[in-house]
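Residue numbers (this note's numbering): 0 to 143.
Where is the CB? At the ideal position from N, CA and C, for every residue including glycine.
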Amino acid sequence: MMSLGLLIQRLIVGYVMFYHGSQKLFGWFGGGGFEKTVSGFDSMGFPMPKLMAGLAGGAECFGGILLAIGLATRPSAFLIFFTMMVASFKVHGDAFSARAGGMEYPLTLGLVALGLLLIGPGKLAASRLIPGIHGKCFTRTLLG
Numbered sequence: 000m001m002s003l004g005l006l007i008q009r010l011i012v013g014y015v016m017f018y019h020g021s022q023k024l025f026g027w028f029g030g031g032g033f034e035k036t037v038s039g040f041d042s043m044g045f046p047m048p049k050l051m052a053g054l055a056g057g058a059e060c061f062g063g064i065l066l067a068i069g070l071a072t073r074p075s076a077f078l079i080f081f082t083m084m085v086a087s088f089k090v091h092g093d094a095f096s097a098r099a100g101g102m103e104y105p106l107t108l109g110l111v112a113l114g115l116l117l118i119g120p121g122k123l124a125a126s127r128l129i130p131g132i133h134g135k136c137f138t139r140t141l142l143g
């Protein structure tokens with residue numbers, strides 16, 4: 000049951016991150032695309048807004064895909080966690096409620112990603128199909 004729960008978390012968070020990342024990078028799903036994302040990052044005062052927009056969009060889009068299928072789960076979860084913490088405190092830090100544009104939504108996504116980073120992908124993951132890559136080395140390296 001634990002692996003099924005982790006699969007559900009990976010699929011939902013992975014899809015949501017892919018959705019938002021592809022809005023930022025490609026303008027899919029009604030998003031503004033990369034140039035609008037760069038402009039938004041610039042207006043929020045991010046240094047090197049083109050680079051930061053690419054990193055955030057890439058972490059969301061491609062990290063979301065990897066998270067959903069359970070491949071490179073821990074590195075992907077780390078990138079999503081980090082990106083969502085930046086979004087929570089830098090972009091949405093003036094309020095908590097999502098209705099007020101606050102951090103509630105990105106904070107929740109980030110903390111679920113943190114849980115996946117700490118626990119791992121579970122048994123229902125693509126990484127289980129590739130001999131030698133499943134393990135806890137990323138978490139051990141990160142957390143000691």
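Residue i in three-state terms, based on DSSP
| i | result |
| --- | --- |
| I129 | coil |
| H19 | helix |
| L108 | helix |
| M1 | helix |
| A58 | helix |
6 Å Cβ shell around residue i - same chain, five flanking residues per side excluded
| i | result |
| --- | --- |
| F17 | C60, G63 and I64 |
| S2 | G121, K122 and L123 |
| A97 | E103 and Y104 |
Cβ shell of residue i (< 7 Å), same chain only, five flanking positions each side left out
| i | result |
| --- | --- |
| G26 | G32 |
| A86 | P105 |
| A52 | K23, F33, T36, V37 and F40 |
| A112 | V12, A76, I79, F80 and M83 |
Straight-line Cα distance separating residue j from residue i
| i | j | result |
| --- | --- | --- |
| Q8 | S21 | 20 Å |
| L24 | V12 | 18 Å |
| G100 | M84 | 15 Å |
Contacts around residue i, its chain only, beta-carbon distance under 8 Å, and the 5 residues preceding and following it disregarded
| i | result |
| --- | --- |
| V15 | G63 and L108 |
* Stretch-stretch touch, CB-based, cutoff 8 Å, three pairs: the segment 24 to 33 with the segment 73 to 92 -> Taking one beta carbon from each stretch, the segment 24 to 33 and the segment 73 to 92 have fewer than 3 pairs nearer than 8 Å; the two do not touch.
* Which residue spans inside the segment 25 to 52 form an unbroken alpha helix (DSSP H) run of at least 4? -> Complete alpha helix (DSSP H) runs here, min 4: 32 to 42.
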